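In our numbering, the protein residues as written are 865 to 1104.
Below is one structure, written out as structure tokens; comments come after it.
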Amino acid sequence: MVANNRSREYTTSMGEYNKLLLEYIAKYPVRTYNKGEIIIFQGEAPRHTFIIKSGVVKAYNLSIHGDEKPVGFYKELDSFPGTWIYDKVPSAIYYYEAFTTNCTVYLVPKENYVNFIKTDLKMVLAELDHYIESQLALSMQLNALQHSKANEKLMYTLHYLSITQGKVIGNNLREINLHLTHQDFANLTGLTRETAATELNKLKHLGVINYGKNQPYTINLEKLQSILNDQYISELEPQV
């Protein structure tokens, strides 16, 4: 019962934080980007902290051969680039690109944003929570990439996406809130598009995932967990 009370208290504090954040950033200008438009270039020193009003932003790197290597997805009220915001680097270390149509962001001066976060302990803790979640996502993505077999790369990538981008739509069913193509999965896993498509089709026939044209990926978490080899990773639950 104590744990449940703490969970409710935490959820309430996060709701309060989001409300305060929305009230604060509402006075700043917004800019809208089309899908595929680069918001920040790698090596660019941003002029603002970017906070997402609507849509999804993709962060990625490019290999020496020009292949895209996604490192994360940012959604509503996420701020970026974090390492620049908190003075860890002088410029952006990744590309940041609009992943959805009409992706809108607030443009907030960096010092103003940081000072706003510092004004309340709950805001500091909420920001810390955000970066802990980001660290978990990155470690899960790295775990997926270190597997040698194509099917394992995809299964662990699907699990990582269910944790970070999943929405509960039924008992043990999670919908990935990203419109991903076979090429996106190839970029996420380091596989070819053909291999990614083949392995995704196999998982579809096993009932692990379901998808179709203009239909988001739905994951049967129970079936996915039953074939993951790592008990502790598989027991992680997506945020509701």
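Quick reminder that beta carbons are idealized off the backbone N, C-alpha and C, glycines included.
The model shown is predicted, which means the values in this text are computed figures rather than measured ones.
Query	Result
Cβ-based neighbour list, ILE1033, same chain, cut-off 6 Å, excluding 5 preceding and 5 following	GLU1039
Distance, TRP948 Cα to ILE904 Cα	12 Å
Backbone secondary structure at TYR995 - three-state DSSP	helix
Buried or exposed (CB count within 10 angstroms, at least 16 for buried), LEU1052	buried
Touching by the beta-carbon criterion (3+ pairs, under 8 Å), the segment 887-899 and the segment 922-932	no
C-beta contact flag for ASN1007 and LYS1066 at 9 Å	no
Separation of GLN1047 from GLU908, as counted between CA atoms	27 Å
Beta carbon of GLU901 nearer than 9 Å to that of GLU961	yes
Spatial distance of VAL972 from ASN966 (CA atoms)	19 Å
Three-state secondary structure (DSSP) of SER1026	helix
Minimum length 4: unbroken alpha helix (DSSP H) runs contained in the segment 1015-1075	1046-1053 and 1057-1069
DSSP-derived helix/strand/coil call for VAL920	coil
Pairwise C-alpha distance: GLU991 and LEU985	10 Å
Given PHE914 as reference, the closest of THR1045, ASN976 and ASP931 once Cα atoms are compared	ASN976
Proximity below 9 Å, CB of TYR1081 to CB of LEU1018	no
Buried or exposed by the 16-neighbour rule on C-beta atoms within 10 Å, applied to GLN1029	buried
Where the alpha helix (DSSP H) through THR947 begins and ends	946-949
Proximity below 9 Å, CB of LEU926 to CB of GLU932	yes
Limits of the unbroken alpha helix (DSSP H) element including GLU1086	1085-1091
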